[in-house]
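Numbering-wise (my numbering), the sequence shown opens with residue 3 and increments by one.
C-beta: ideal position from N, C-alpha, C; glycine also.
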Amino acid sequence: MYKILAKRVLAQGTVVENEIEAPRIAAKAKPGQFVILRVNETGERIPLTMADTDPNRGTITIIYQVVGKTTALLKSLEVMDAIMDIAGPLGTPTPIEKKGTVICVGGGTGVAVLHPITRGFHQAGNKVISIIGARTKDLLIMEDKMKKASDEFYVCTDDGSYGHHGFVTDVLREQLTKLGSEVKEAVCIGPVPMMKFCSKVTEEYGVPTMVSLNAIMVDGTGMCGCCRVQVGGETKFACVDGPEFDAHKVDFEGLSKRLTAYVPQERQAMDRYEQKCACETKGK
Ligand SMILES: Cc1cc2nc3c(=O)[nH]c(=O)nc-3n(C[C@H](O)[C@H](O)[C@H](O)COP(=O)(O)OP(=O)(O)OC[C@H]3O[C@@H](n4cnc5c(N)ncnc54)[C@H](O)[C@@H]3O)c2cc1C
Ligand code: FES
């Protein structure tokens with residue numbers, strides 16, 4: 003059992019941050035890696051990235067958006083409640099080296115995934131330019147931590163309520179035009195359309211780019227094939243070959259299609275969960 007030590011509800015109640023006691027995972031975790039957890043005995047396994055780790059405290063931090071049954075169930079847990087099991091660290095760590103100037107772009111909860119990678123590039127001595135975005139100011143997450151891990155930092159909101167009025171791709175293009183060949187790498191993590199459009203921009207400028215693919219996963223160890231993605235015409239398993247891949251080779255259309263494969267079942271599971279919660283509230 004993995005005890006929840008802290009809980010913070012962010013972004014208009016739609017995003018939750020949990021610090022969890024998991025000393026063995028915290029001791030081994032590297033940027034870019036994730037865990038697969040099961041809330042209770044009958045729960046499904048879901049992958050979540052470690053947004054932060056503290057090997058001294060023996061904790062990992064996850065930040066997740068409530069999008070369906072399992073994330074809603076996870077949100078219902080309070081401090082000192084326990085998560086049934088957590089497997090990790092999983093996935094191939096981000097290859098972090100000193101390269102020069104690196105641009106890190108994050109959208110929505112993708113910023114949680116981007117944070118340890120940004121910090122890793124910064125600690126390796128790179129000049130890190132970060133650009134984060136959200137639909138509106140109240141949905142932005144991890145602004146302070148991202149700022150701390152960056153040499154230059156930009157915020158964008160779709161509605162103009164904070165920072166640049168527009169998309170992260172606008173600021174990305176501005177920076178690439180200004181800096182040219184000084185930029186050695188870009189890392190873009192967020193919703194699939196955002197990663198796709200960022201990757202189109204960096205391709206125009208010839209900047210090698212990594213994206214983190216949120217394919218549907220079951221075992222997370224390369225056994226079931228559920229997380230298969232097409233990269234450069236080859237089939238890869240996001241859980242073991244990734245989750246990060248060369249953005250310019252990823253089949254984003256195929257990924258989007260696979261992510262919606264179980265929408266009717268996911269809706270049904272959420273409806274059943276909401277009905278159960280409503281009955282419990284009424285004391286039935
Ligand atoms: C490597 C990896 C890291 C991730 N890190 C984060 C993170 O740090 N924060 C965060 O908010 N989200 C993260 N996700 C996405 C997260 O796993 C899904 O949002 C979660 O599984 C949804 O479960 P649900 O039951 O609440 O929603 P559901 O209603 O079951 O599903 C909603 C949508 O989530 C996706 N999804 C559902 N089940 C899975 C699954 N088993 N594996 C992957 N995706 C699934 C599908 O696109 C689905 O349409 C990550 C995904 C991957 C693959
Ligand atoms: S989740 Fe089963 S092979 Fe990747």
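According to DSSP, residue pairing for E19 in a beta bridge involves R10, I65. Uninterrupted alpha helix (DSSP H) stretches at least 4 residues long and entirely within the segment 164-232 occur at 170-181, 194-206, given in chain order. Within the chosen limit of 7 Å, ligand 2 does not reach the beta carbon of G234 with any heavy atom. Taking a 10 Å sphere around the C-beta of Q125, we find fewer than 16 other C-beta atoms and assign the residue as exposed. Taking 8 Å as the cut-off, the Cβ atoms of V157 and L174 do not count as close. In this structure the segment 166-183 does not touch the segment 211-218; the number of beta carbon pairs closer than 8 Å is below three.
A distance criterion of 7 Å places the beta-carbon of A24 beyond contact range of ligand 1, judged by its closest non-hydrogen atom. Excluding residues up to 5 positions away in sequence, P33 lie with their Cβ nearer than 6 Å to the Cβ of P118 in the same chain. D140 carries a helical assignment under DSSP once its states are collapsed to helix, strand and coil. DSSP, read as helix, strand or coil, puts S258 in helix.
Cβ-Cβ separation between G102 and E184: approximately 7 Å, consistent with a contact (criterion under 8 Å). The beta-carbon distance between T223 and R230, rounded to whole angstroms, is 14 Å. This is too long to meet the 8 Å contact definition.
In the structure shown, the three-state DSSP call for K100 is coil.
For D87 and M3, the gap between their C-alpha atoms comes out near 6 Å.
Across the structure, L92 and N58 are spaced so that their CA atoms are roughly 20 Å apart.
Looking at the backbone, the Cα of A24 and that of I62 are separated by about 6 Å. With the rule of 3 Cβ pairs closer than 8 Å, the segment 254-273 does not count as touching the segment 130-140. Rounded to whole angstroms, the Cβ separation of K71 and Y275 is 5 Å, and the two are in contact under 8 Å.
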